[in-house]
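FYI, full-length UniProt numbering numbers position 300 of the sequence shown as 300, with every residue one higher than the one before it.
Don't be surprised by glycine CBs; every beta carbon is placed ideally from N, CA and C.
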Amino acid sequence: MRYRTLGRTGVQVSSLALGAMNFGAIGRTTQDEATAIVDAALEGGVNLIDTADMYGAGESEEMVGKAIAGRRDDIVLATKACMPMSDEPNHRGASRRWLVTELDNSLRRLGVDHVDLYQIHRWDPATSDEETLSALTDLQRAGKIRYFGSSTFPAYRIVQAQWAAREHRLGRYVTEQPSYSVLQRGIESHVLPVAEEYGLGVLVWSPLASGWLSGAVRAGREIATHRSAVLPERFDTSLPANRARIDAVERLAEVADGAGLTMIQLALGFVTAHPAVTSALIGPRTLDHLHAQLAAADTVLSADVLDAVDAVVAPGTDLAAHEKFDTPPALLDASLRRR
């Protein structure tokens with residue numbers, strides 16, 4: 001396992017981090033299975049675990065808390081808030097009122113007195129940067145969080161938050177957590193340059209593109225992954241975007257074979273090769289998934305392999321832009337860009 005500095009914090013984190021979204025009902029993972037995955041990940045050198053309050057309506061945090069009991073100090077623990085936690089309109093968002101309440105809920109579920117990284121899960125257009133950053137700064141000063149970051153923010157919102165922190169003399173986001181994979185490279189043209197400019201740590205999610213790059217999705221085969229059962233439209237190969245993805249996967253498989261790599265090694269080696277990326281979040285549902293992904297921990301792609309990847313999916317290109325949460329709405333809805 002390789003270790004990198006998380007932005008400018010001085011904290012050392014593993015280049016592969018454990019994402020816990022699949023713990024619980026979402027991934028049909030039991031507590032014993034989740035604990036075994038955490039055990040194996042830590043043994044493999046992973047030291048960063050990332051979860052969120054809304055994963056299984058708090059279930060993931062509870063399972064992570066039980067799995068790490070007795071070894072909290074050896075783990076960089078991250079969670080997130082902002083997404084709806086009930087039908088109550090104020091049980092969501094990035095207001096001071098909700099963040100103060102929900103952090104206490106997360107700490108209780110995790111069974112800890114602080115988290116190392118508290119992230120705003122999505123940009124909240126209803127709340128000012130000053131309001132959110134002021135609340136996060138106070139929570140940091142209270143010792144409940146060590147650092148705070150953003151997740152899936154558009155590049156201009158990342159910049160705006162940095163300016164707001166400077167203007168109001170508040171703590172700033174020190175990390176960003178965007179979606180990034182060989183098939184979704186749009187952030188190379190905006191988010192990653194901004195992250196480098198401001199010295200942010202970058203923890204990328206979905207580096208296997210929801211299973212498209214796991215090796216289980218190939219042309220001519222029935223797609224029967226867990227994610228395809230949950231989101232069938234994302235794997236319907238009658239749709240143009242999905243046809244483009246399956247074509248790219250076939251070409252990438254040839255690149256991987258030629259380099260003596262698995263698809264997972266190619267996919268994870270690709271995202272961790274970018275100088276702006278600190279860690280790639282892997283989200284295994286089983287121990288077998290975890291071991292296949294940990295096998296990429298030391299993968300370093302040669303320049304020839306990276307050039308071959310660029311020839312399949314051009315830098316800065318999203319093959320399914322409609323699935324990106326940071327795409328400006330006006331690019332997807334013509335009515336928003338018409339007078």
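Assign Val13 to buried or exposed, taking buried as 16 or more other Cβ atoms, counted over all protein chains shown, within 10 Å of its Cβ. Its Cβ being crowded by 16 or more others within 10 Å, Val13 is buried.
From which residue to which residue does the alpha helix (DSSP H) around Arg97 run? Arg96 to Leu110
Taking its Cβ as the centre, do 16 or more other Cβ atoms sit within 10 Å of Leu268, making it buried, or is it exposed? buried
Could you tell me the distance, in whole angstroms, from the CA atom of Pro275 to the CA atom of Arg96? C-alpha separation (whole angstroms): 34 angstroms.
Any idea which residues DSSP pairs Lys80 with across the strands? Gln119
Just the Cα atoms here: how many angstroms apart are Gly80 and Tyr118? Looking at the sequence provided, one finds Lys at residue 80 rather than Gly. The straight-line gap from Cα to Cα measures roughly 6 angstroms.
Our contact map puts Asp318 next to Gln177 with C-beta atoms below 8 angstroms; I'd like the distance itself, whole angstroms only. So it is not a contact: roughly 17 angstroms between Cβ atoms.
Please specify which runs of the alpha helix (DSSP H), each continuous and at least 4 residues long, are wholly inside the stretch 235-270, giving them in chain order. 240-259
Determine contact between the stretch 282-295 and the stretch 32-40, defined as no fewer than three beta-carbon pairs at a distance below 8 angstroms. yes
Beta bridge counterpart(s) of Val194 as assigned by DSSP: DSSP output for Val194 lists no bridge partner at all.
Would you please state the rounded distance, in angstroms, between the beta carbons of Asn22 and Pro232? I believe it to be under 8 angstroms. Beta-carbon to beta-carbon, Asn22 and Pro232 are separated by about 18 angstroms, too far to satisfy the 8 angstroms threshold.
Cβ of Met54 less than 8 angstroms from any chain C Cβ? Of the chains in the structure shown, none is chain C; there is only one protein chain.
Given this structure, state the Cα-to-Cα distance separating Trp123 from Phe153, to the nearest angstrom. Approximately 6 angstroms, taken between the alpha carbons.
For His114 versus Lys66, is the C-beta distance shorter than 8 angstroms? no
So the alpha helix (DSSP H) Arg141 belongs to, where does it begin and stop? That run of the alpha helix (DSSP H) goes Asp129 to Arg141.
What do you reckon, are the CB atoms on Val271 and Tyr180 nearer than 8 angstroms? yes
Closest by CA to Ala253, which one among Asp129, Val182 and Leu287? Val182
What are the start and end residues of each continuous beta strand (DSSP E) run of 3 or more residues lying completely inside the stretch 23-50, in chain order? 48-50
For Asp129, which residues from the same chain have a beta carbon less than 7 angstroms from its beta carbon, with the 5 sequence-adjacent residues on both sides left out? Gln160, Ala161 and Ala164.
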